[in-house]
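Residues 22 to 446 in the numbering used here are what the sequence shown lists, from first letter to last. Okay, so here's the structure we're looking at.
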Amino acid sequence: MYKLRAAIIKDLRVLLRDKIGLAFMFLMPVVLVIVVTNIQSSTFQLLNKNKLTVLLLNRDTGRLSQEFLQTLDKTGLFRIKQLPGKTTDGQLREGLHQKDALLAITIPASFTGDVLYKAQSTAGKAMKSFGLEGDSARHIAGNLPLDVYYQPSLPESYHLSVQGAVRSAVQIVESKETLRQLYLAINDKPLPAKMEDELLQNQTQIRERAVAGGQDVKTPDATQHNVPAWTIFAMFFVIISLAGSIIREKRSGSFVRLKTLPTSYALALFARQLTYLAVTVLQALVVFAIGIWLFPVIGLPGLQVPHDVVGFFVVTLIIGWAAVSYAVCAGVFFNTEEQANSFGAISIVILAAIGGLMVPSFAMPSSFSVALNLSPLHWCLEAYNILFLENGKLPDAVNYLIPLLIMIVVMQAAAFAGLKRKNLI
Numbered sequence: 022m023y024k025l026r027a028a029i030i031k032d033l034r035v036l037l038r039d040k041i042g043l044a045f046m047f048l049m050p051v052v053l054v055i056v057v058t059n060i061q062s063s064t065f066q067l068l069n070k071n072k073l074t075v076l077l078l079n080r081d082t083g084r085l086s087q088e089f090l091q092t093l094d095k096t097g098l099f100r101i102k103q104l105p106g107k108t109t110d111g112q113l114r115e116g117l118h119q120k121d122a123l124l125a126i127t128i129p130a131s132f133t134g135d136v137l138y139k140a141q142s143t144a145g146k147a148m149k150s151f152g153l154e155g156d157s158a159r160h161i162a163g164n165l166p167l168d169v170y171y172q173p174s175l176p177e178s179y180h181l182s183v184q185g186a187v188r189s190a191v192q193i194v195e196s197k198e199t200l201r202q203l204y205l206a207i208n209d210k211p212l213p214a215k216m217e218d219e220l221l222q223n224q225t226q227i228r229e230r231a232v233a234g235g236q237d238v239k240t241p242d243a244t245q246h247n248v249p250a251w252t253i254f255a256m257f258f259v260i261i262s263l264a265g266s267i268i269r270e271k272r273s274g275s276f277v278r279l280k281t282l283p284t285s286y287a288l289a290l291f292a293r294q295l296t297y298l299a300v301t302v303l304q305a306l307v308v309f310a311i312g313i314w315l316f317p318v319i320g321l322p323g324l325q326v327p328h329d330v331v332g333f334f335v336v337t338l339i340i341g342w343a344a345v346s347y348a349v350c351a352g353v354f355f356n357t358e359e360q361a362n363s364f365g366a367i368s369i370v371i372l373a374a375i376g377g378l379m380v381p382s383f384a385m386p387s388s389f390s391v392a393l394n395l396s397p398l399h400w401c402l403e404a405y406n407i408l409f410l411e412n413g414k415l416p417d418a419v420n421y422l423i424p425l426l427i428m429i430v431v432m433q434a435a436a437f438a439g440l441k442r443k444n445l446i
């Protein structure tokens with residue numbers, strides 16, 4: 022026990038001298054998690070709390086174009102910036118070019134007439150089908166021409182949402198006018214406003230619930246997604262410091278000197294793994310603490326602590342041990358720090374990219390499914406997601422912890438075999 026304690030103290034002193042390694046392990050994840058979560062949180066809120074500014078050019082003077090504007094405003098998606106009716110299409114495009122807004126909508130001068138004509142045609146056809154007198158000779162107009170301009174920088178998902186909102190607003194205006202014309206044809210008097218509201222505003226309520234494990238859970242936000250992901254990313258970056266220290270000892274002859282002492286390098290390597298395992302756990306605690314306490318202060322959603330706290334610590338220990346094993350294996354087989362650092366940084370970025378840390382797994386093409394399931398960082402992320410997003414318990418994450426444990430055994434065995442082959446132990 023004394024030898025183990027002495028080795029751990031020695032490794033701590035070496036680690037504290039590695040300022041660059043400490044910056045990679047602690048400063049980098051803090052900056053990443055704050056910046057990325059802030060950006061994604063703003064993106065998630067763009068269509069929820071924030072509104073898209075829309076330049077609107079209304080060339081129609083009828084009442085139905087005003088109804089369309091009111092309906093569009095009620096969607097809650099847009100901040101409408103109305104332009105003078107004499108504005109040209111060129112001036113409208115210039116407004117988008119100057120980034121006054123991301124979108125622009127043009128209502129043609131014939132909008133009210135076209136909607137009215139279409140409503141009367143539909144009502145007449147309906148009357149005829151009921152066996153009543155009605156004008157069915159009119160041809161029902163097709164889709165009404167509305168021009169929507171948008172900046173190419175607007176993401177396609179927002180573009181589709183905007184398109185759906187505009188279509189819905191037009192359909193509501195058309196439906197209202199068709200109902201008015203049908204009521205007028207049957208009763209020879211206008212549709213009462215109260216009845217119109219009862220017929221059109223009494224919509225079926227839609228309740229949205231996030232469900233996991235058969236239970237309702239809180240809807241995930243950017244914090245719940247990003248804090249665990251970038252914590253894993255940081256934990257695996259111990260390869261920069263740990264692999265480098267192993268290589269420096271190999272090159273300095275420390276292995277040879279250890280053979281002359283009443284100890285073994287296996288004990289020293291075990292002590293180093295314990296030291297860096299403690300570092301990875303500390304990394305996780307620091308980043309999660311920032312998510313819990315700092316994020317609400319700077320206006321970001323706070324991290325929700327999982328119900329299974331013991332399971333959280335067990336998962337964190339296994340992930341940390343997997344990261345340490347990966348770093349030890351790299352340190353044993355590479356001969357220079359440059360090789361280990363380059364391989365470590367590139368491989369972790371690639372594993373993070375294909376593992377769903379940088380791009381959500383559901384957004385990846387199906388051809389990446391095999392690579393996704395083979396990434397150790399994906400196993401780590403899924404284990405955390407079960408605890409943080411699904412309010413699961415440790416047994417629920419076993420399917421992802423078993424591959425991590427197998428990886429640990431394989432990496433440790435490979436490192437031991439490499440040391441034996443090089444006659445270092």
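We put the CB at the ideal spot given by N, CA and C, even for glycine. Remember, predicted model here, so these are calculated numbers, not experimental data.
Next item on the list: Step through the CB atoms of chain E and report whether any lies within less than 7 Å of the CB of Ala287.
Entry: The structure shown has no chain E; it contains just one protein chain.
Check: Alpha carbon to alpha carbon, what distance is there between Ile369 and Ser388?
Finding: The alpha-carbon atoms of Ser388 and Ile369 are separated by roughly 20 Å.
Note to self: Can you give me the C-alpha to C-alpha distance between Gly11 and Asp135, rounded to a whole angstrom?
What the structure shows: Any answer about residue 11 is impossible in this case: the structure gives the chain only from 22 up to 446.
Note to self: What does the alpha-carbon distance come out to for the pair Ala186 and Leu200?
What the structure shows: 21 Å
Note to self: Quick check on Thr296: does DSSP put it in helix, strand or coil?
What the structure shows: Of the three classes helix, strand and coil, the one that applies to Thr296 here is helix, per DSSP.
Item checked: Which listed residue (Gly116, Thr252, Gly341) has its alpha carbon closest to that of Leu426 -> Gly341
Item checked: 7 Å Cβ cutoff met for Phe45 and Ile261 -> yes
Margin query: Let's test the definition: count the other Cβ atoms within 10 Å of the Cβ of Ala310 and tell me whether it reaches 16, buried, or not, exposed.
Written below: exposed
Margin query: Going residue by residue through the region 22-91, where are the continuous beta strand (DSSP E) segments of at least 3 residues, counting only ones entirely within it?
Written below: 73-79
Margin query: Rounded to the nearest angstrom, what separates Tyr297 and Gly365 at their Cα positions?
Written below: 16 Å
Check: Alpha carbon to alpha carbon, what distance is there between Leu212 and Val56?
Finding: 55 Å
Next item on the list: Starting from Gln172, trace the alpha helix (DSSP H) both ways and give me its first and last residue.
Entry: Boundaries cannot be given for Gln172, as no alpha helix (DSSP H) includes it and DSSP labels it neither H nor E.
Notebook entry, point to check: Hey, is Arg38 close to the ligand NAD, as in C-beta under 6 Å from one of its heavy atoms?
Noted result: This structure simply doesn't include the ligand NAD, nor any ligand for that matter.
Item checked: DSSP bridge partner residues for Gln103 (one or two, in chain order) -> Leu77
Note to self: Report the CB separation of Leu484 from Ile253 in whole angstroms; it is logged as a contact under 8 Å.
What the structure shows: The first residue shown for the chain is 22 and the last is 446, placing residue 484 beyond what the model contains.
Notebook entry, point to check: Taking the C-alpha atoms as reference points, what is the distance between Leu77 and Ser142?
Noted result: The alpha-carbon atoms of Leu77 and Ser142 are separated by roughly 28 Å.
Notebook entry, point to check: Thinking C-alpha only, which one of Leu53, Asn412, Phe437, Val52 is nearest Gly352?
Noted result: Phe437
Notebook entry, point to check: Would you call Arg38 buried or exposed, if buried means 16 or more other Cβ atoms sit within 10 Å of its Cβ?
Noted result: exposed
Check: Per DSSP, what kind of secondary structure is Gly235 in: helix, strand or coil?
Finding: With a pLDDT of only 46 at Gly235, under the threshold of 50, the placement of this residue in the model should not be trusted, and no figure is reported.
Next item on the list: Would you check if the distance between the CB atom of Ile128 and the CB atom of Ser196 is smaller than 7 Å?
Entry: no
Checklist line | DSSP state of Ala351 mapped onto helix, strand, coil | finding: helix
Note to self: Distance check for Leu395 and Glu13, CA to CA, integer angstroms please.
What the structure shows: The first residue shown for the chain is 22 and the last is 446, placing residue 13 beyond what the model contains.
Next item on the list: Grab the span of the beta strand (DSSP E) containing Ala125 for me, first residue to last.
Entry: 124-128
Note to self: Please return the same chain residues whose Cβ sits closer than 6 Å to the Cβ of Cys350, not counting the five positions on each side in sequence.
What the structure shows: Answer for Cys350: Met432, Ala435, Ala436, listed in chain order.
Next item on the list: Rounded to whole angstroms, what's the CA-CA distance from Pro386 to Gly376? Just pull it up for me.
Entry: Their Cα atoms are separated by approximately 13 Å.
Check: Between the C-alpha atoms of Asn406 and Asn79, what's the straight-line distance to the nearest angstrom?
Finding: 48 Å
Note to self: Taking a contact to mean a Cβ-Cβ separation below 7 Å, would you say Leu402 touches Ala305 in this structure?
What the structure shows: no
Next item on the list: Pull up the distance between the alpha-carbon of Pro50 and that of Ala255, whole angstroms please.
Entry: 6 Å
Next item on the list: Look at the Cβ atom of Asp168, then the Cβ atom of Thr133, and state whether they are nearer than 7 Å.
Entry: Against a cut-off of 7 Å, the Cβ pair of Thr133 and Asp168 comes out as no contact.
Next item on the list: Identify, in the order they occur along the chain, each residue of the same chain with its Cβ nearer than 7 Å to the Cβ of Pro166, setting aside the five sequence neighbours on each side.
Entry: Answer for Pro166: Pro129, listed in chain order.
Item checked: Backbone CA spacing between Ala214 and Tyr179 [nearest angstrom] -> 34 Å
Next item on the list: Give the DSSP-derived three-state secondary structure of Met432 in the structure shown.
Entry: helix
Checklist line | Selected residue, minimal CA-CA separation from Ala190, among Lys271, Gly97, Gly111 | finding: Gly97
Note to self: Buried or exposed, going by whether 16 or more other CB atoms sit within 10 Å of the CB of Asn444?
What the structure shows: exposed
Item checked: Distance, Lys107 Cα to Phe89 Cα -> 20 Å
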